[in-house]
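These notes concern the structure reproduced below.
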Amino acid sequence: MKKKLTVLSGAGMSQESGLKTFRDMGGLWEQYDVTEVASPEAWERDPALVLRFYNQRRKQLFEVEPNAGHLGIARLEQWFDVDVVTQNVDNLHERAGSSRVLHLHGELIKARSTIDPVLVYELDHWALDLGDLCEKGSQLRPHIVWFGEAVTEIPKAVRIVEQADILVVIGTSLAVYPAAGLVNYVQKGTPIFVIDPGKPAVHQPNVFYVEEKAGKGVELLLEELKKLM
Ligand code: APR
1 MKKKLTVLSG
11 AGMSQESGLK
21 TFRDMGGLWE
31 QYDVTEVASP
41 EAWERDPALV
51 LRFYNQRRKQ
61 LFEVEPNAGH
71 LGIARLEQWF
81 DVDVVTQNVD
91 NLHERAGSSR
101 VLHLHGELIK
111 ARSTIDPVLV
121 YELDHWALDL
131 GDLCEKGSQL
141 RPHIVWFGEA
151 VTEIPKAVRI
161 VEQADILVVI
171 GTSLAVYPAA
181 GLVNYVQKGT
191 PIFVIDPGKP
201 AVHQPNVFYV
211 EEKAGKGVEL
221 LLEELKKLM
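When we follow the UniProt record's numbering, the leftmost residue of the sequence shown carries the number 1, and every step to the right adds one.
Written out as structure tokens, the structure is:
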């Protein structure tokens, strides 16, 4: 029986693929006011600006590749029963080969009806514009959890973390809740590996810091994990 390994990833996971993080130097929230592009109020006020913000990020996503960190996480499935719980809206974990990925904050390559949230469509091109309608005739919006909206996948994520034999936290500043609170749901004694050059604080026992970028960090993690197999 393979041990259950849960990965909680954030924007730093995709930094080496060329996608900006949010709170690092030069991060997205340095360039944009989050309340102007990533909230229901922003959507009401200026949907074209919101669509432009996500179109730019989606266009770039179509041009980048998973990095060694994503590929290393996918490889862990050879030895562990892996669940990836990600705050990222990119699909790089999936494209690297991870088979179980839970997106807490939505998915950039998907659009959702504004009249019926059950209607979600995969986009095969980067542009989502005003006038792109769902089958019920309402405007499509990015399938993203905006600030102030419910993170509906949290209960499922809590159950995954509670069952983890090993937790790997990679590329997240743990600044945004409820996602950041997931680290508190590990069972007592569960080892927590934190891969991040920025060393975010994790107030739990059994924390092992790997102060490296994702690509190198996952490689070192694999060496450590082989001792736990
Ligand atoms: N490898 C690993 N970690 C990295 C790398 C890298 N190459 N580059 C940066 N980091 C780390 C930073 O040190 C930081 O701890 O990644 C983290 C990025 O933090 P944030 O920019 O805050 O991203 P994240 O934690 O994912 O933000 C959470 O905030 O704006 C919302 O919805 C958005 O999902 C996002 C959430």
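C-beta atoms are modelled at their ideal positions from N, C-alpha and C, and glycine is treated no differently. Treat the numbers as computed from the prediction; the structure is a model and nothing was measured.
**OP:** Kindly indicate the opening and closing residues of the alpha helix (DSSP H) around I115.
**Re:** Segment: none, I115 is in no alpha helix (DSSP H) and carries neither H nor E.
Subject >> Coil, strand or helix - V151 by DSSP >> reply: coil
**OP:** Would you check if there are 3 or more beta carbon pairs closer than 8 Å linking the segment 208–220 to the segment 179–197?
**Re:** When Cβ pairs closer than 8 Å are counted between the two stretches, the segment 208–220 is seen to touch the segment 179–197, the count reaching three or more.
**OP:** Keeping to the same chain, check which residues put their C-beta closer than 8 Å to that of L133; ignore five residues upstream and five downstream.
**Re:** Q139, L140
Original post:
Which value, in whole angstroms, describes the spacing of the CA atoms of P47 and E224?
Top reply: 47 Å
**OP:** Please state whether DSSP places H53 in a helix, a strand or coil.
**Re:** Contrary to the premise, residue 53 reads as Phe rather than His in this sequence. Looking at F53 - three-state DSSP - the assignment turns out to be helix.
**OP:** Kindly indicate the opening and closing residues of the alpha helix (DSSP H) around V145.
**Re:** Taken as a continuous stretch (DSSP letters only), V145 belongs to no alpha helix (DSSP H), as it is neither H nor E.
Original post:
Do you know how far the Cα of A127 is from the Cα of L174?
Top reply: The C-alpha of L174 lies about 31 Å from the C-alpha of A127.
Subject >> the ligand APR heavy atom lying under 7 Å from the CB of Q60 >> reply: no
Original post:
How many Å lie between L228 and V145 at the Cα?
Top reply: 36 Å
**OP:** Could you spell out the range, first to last residue, of the alpha helix (DSSP H) harbouring L128?
**Re:** That residue, L128, is in no alpha helix (DSSP H); it is neither H nor E in DSSP.
**OP:** List the DSSP bridge partners of K4.
**Re:** K4 pairs with D81.
Subject >> Segment contact, 8 Å Cβ cut-off, at least three pairs: the segment 150–163 with the segment 177–187 >> reply: yes
Subject >> Proximity below 8 Å, CB of R100 to CB of D83 >> reply: In this structure, D83 lies closer than 8 Å to R100 by Cβ.
Subject >> Secondary structure of G171, DSSP reduced to three states >> reply: In this structure, G171 counts as coil in the three-state DSSP scheme.
Subject >> Residues near G72 by beta carbon distance below 7 Å, same chain, minus five either side >> reply: V218, E219, L222
Original post:
Out of curiosity, what's the CA-to-CA distance linking G97 and R75?
Top reply: Whole-angstrom Cα-Cα distance: 8 Å.
**OP:** Would you mind working out which of G106, H103, G137, H125 sits nearest D116, comparing C-alpha positions?
**Re:** Nearest Cα to D116 within the set G106, H103, G137, H125: G137.
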